[in-house]
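To start, the structure under review is shown below, and the notes come after it.
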Amino acid sequence: MSPSIARNPLPESKNALRKRLLEARLQAALEPAAEEALSRRLLDALKLHEPACVGFYWPLPGEFDARAAIAIWLALGAHRQASLPVVRNRGEALQFHAWAPDTPMKIGHHRIPEPATEVIVTPDLLFVPCVGFDAAGYRLGYGGGYYDRTLATWPGATRPVTVGVAYEACRTDVLQREAHDIPLDLIVTEAASYPLPA
Numbered sequence: 000m001s002p003s004i005a006r007n008p009l010p011e012s013k014n015a016l017r018k019r020l021l022e023a024r025l026q027a028a029l030e031p032a033a034e035e036a037l038s039r040r041l042l043d044a045l046k047l048h049e050p051a052c053v054g055f056y057w058p059l060p061g062e063f064d065a066r067a068a069i070a071i072w073l074a075l076g077a078h079r080q081a082s083l084p085v086v087r088n089r090g091e092a093l094q095f096h097a098w099a100p101d102t103p104m105k106i107g108h109h110r111i112p113e114p115a116t117e118v119i120v121t122p123d124l125l126f127v128p129c130v131g132f133d134a135a136g137y138r139l140g141y142g143g144g145y146y147d148r149t150l151a152t153w154p155g156a157t158r159p160v161t162v163g164v165a166y167e168a169c170r171t172d173v174l175q176r177e178a179h180d181i182p183l184d185l186i187v188t189e190a191a192s193y194p195l196p197a
């Protein structure tokens with residue numbers, strides 16, 4: 000068993016687990032090798048799934064910064080689009096607005112930068128930040144429920160491919176699950192991809 004994996008034999012509240020994993024994530028994010036490995040895994044996921052439009056996130060402290068990888072992906076092909084989430088109103092599903100490296104930004108809800116333009120797009124692959132995760136593809140976020148709400152009300156018949164982005168130090172045995180929790184299709188870390196093949 001890897002010592003970096005978050006293990007706890009007793010049930011732990013989501014808030015306590017979130018606090019512990021946020022601290023572990025801040026430490027993991029300081030490793031340059033982990034950043035390079037995650038960048039490669041994001042580009043591999045984009046190559047595998049070949050989306051026309053990718054949604055990702057503006058990095059908060061401790062989160063992997065995907066902007067450089069997304070900029071590389073945009074530069075390598077014509078007619079590709081990237082987008083960032085926009086919170087129109089607290090408690091509502093996210094919108095995704097077009098983003099490029101030179102897009103003007105403004106401060107949105109929760110003091111997170113978002114595109115200043117109003118070009119709404121629909122990603123067919125979505126990179127989702129994880130505070131924690133388990134090997135079955137379930138994710139622990141910040142507790143606002145934005146991604147679960149967004150995926151549950153996704154426009155059209157086909158939801159996007161969902162790829163969680165995390166550090167191996169933030170993996171836990173089994174997360175507490177609620178009825179609204181939706182597992183991600185894939186979670187990538189600097190060390191592996193989950194769910195692991197059977």
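Take the sequence shown: its letters are residues 0 to 197, numbered as in numbering that gives the first Met the number 0.
The beta carbon of each residue, even a glycine, is placed where N, CA and C say it ideally should be.
Can you list, in chain order, the stretches of the alpha helix (DSSP H) that have 4 or more residues and sit fully within the region 139 to 185? Listed in chain order, the complete alpha helix (DSSP H) runs (minimum 4 residues) inside the region 139 to 185 are 145 to 151.
My guess is that VAL85 and LEU124 are in contact by the Cβ rule of under 8 Å, so how many angstroms apart are they, rounded? No, VAL85 and LEU124 are not in contact; Cβ-Cβ is about 18 Å, not under 8 Å.
Kindly identify the DSSP beta-bridge partner or partners of LEU125. Its beta-bridge partners are GLY54, THR161.
Using the DSSP secondary-structure output, state which residues sit across from LYS105 in a beta bridge. GLU113.
Can you list, in chain order, the residues of its chain with a C-beta nearer than 6 Å to that of CYS129? Leave out the 5 residues immediately preceding and following it. In the same chain as CYS129, and ignoring 5 residues on each side of it, the C-beta atoms closer than 6 Å to its own belong to ARG138, GLY163, ALA165, in chain order.
Near ARG40, which residues of its chain fall below 8 Å by C-beta distance, leaving aside the five closest residues on each side in sequence? For ARG40, where only same-chain residues beyond five positions count, the Cβ hits under 8 Å are VAL187, THR188, GLU189, SER192.
According to DSSP, what are the bridge partners of HIS96? DSSP, once it has assigned bridges, lists LEU83, ILE119 as partnering HIS96.
Taking all protein chains shown into account, do 16 or more other C-beta atoms lie within 10 angstroms of the C-beta of GLN26, making it buried, or fewer, making it exposed? The Cβ neighbour count for GLN26, taken over all protein chains shown within 10 Å, is under 16; the residue is labelled exposed.
Three-way DSSP call (helix, strand, coil) for SER192 in this model: Strand.
Can you check DSSP and say which residues form a bridge with VAL187? Per DSSP, VAL164, SER192.
Using the Cα positions of ASP133 and LYS18, report the straight-line distance between them to the nearest angstrom. So the alpha carbons of these two residues sit roughly 16 Å apart.
Selected residue, minimal CA-CA separation from LEU16, among TRP153, PRO182, LEU59, LEU174: The closest CA to that of LEU16, considering only TRP153, PRO182, LEU59, LEU174, is found on LEU174.
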